[in-house]
Amino acid sequence: RELTEETGYSAKEISKLGKIFTTPGFCSEVLHIYLAKGLKPGNHAREEGEEDIQLVELTLEEIENKIRNGEIVDGKTISGIYLYRLVSRV
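Here the sequence shown is numbered in my numbering, starting from 68 and rising by one per residue.
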């Protein structure tokens with residue numbers, strides 16, 4: 068449901084990759100990370116006051132290059148990519 072609300076996309080299959088603590092030692096917030104497969108675009112009607120999210124399609128190689136180059140520095144994003152790489156090696 069969150070995927071559709073935030074992006075307008077729907078997924079044929081969603082599987083959990085893992086979880087991370089976003090700020091250990093500061094708070095107990097846990098972020099659950101999922102992999103969505105079989106994505107289909109749909110209508111994304113933004114509600115008034117909703118954050119403007121831009122969707123950008125990138126290959127895994129492009130994402131990893133952006134992490135290496137310092138263009139992607141968000142810890143949650145990097146953790147998600149790392150968890151995906153661990154699962155995809157199995």
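The beta-carbon is built from N, C-alpha and C at its ideal position, and this holds for glycine as well.
Own chain partners of residue i with C-beta closer than 8 Å, once the 5 adjacent residues on each side are dropped
i	result
Ser95	Phe88
Ile145	Ile134 and Ile139
Residue interval of the alpha helix (DSSP H) (run including residue i)
i	result
Tyr76	Careful: Tyr76 lies outside any alpha helix (DSSP H) and carries neither H nor E.
Secondary structure of residue i, DSSP reduced to three states
i	result
Ile134	helix
Ser146	helix
Ser82	strand
Leu122	coil
Leu106	coil
Val154	helix
7 Å Cβ shell around residue i - same chain, five flanking residues per side excluded
i	result
Tyr101	Ile81, Ser82, Lys83 and Leu84
Ala164	Residue numbering for the chain in the displayed model covers 68 to 157; residue 164 lies beyond these limits and cannot be assessed.
Own chain residues within Cβ distance below 6 Å of residue i, not counting five before or after
i	result
Gly147	Ile100
Leu106	Tyr76 and Ala78
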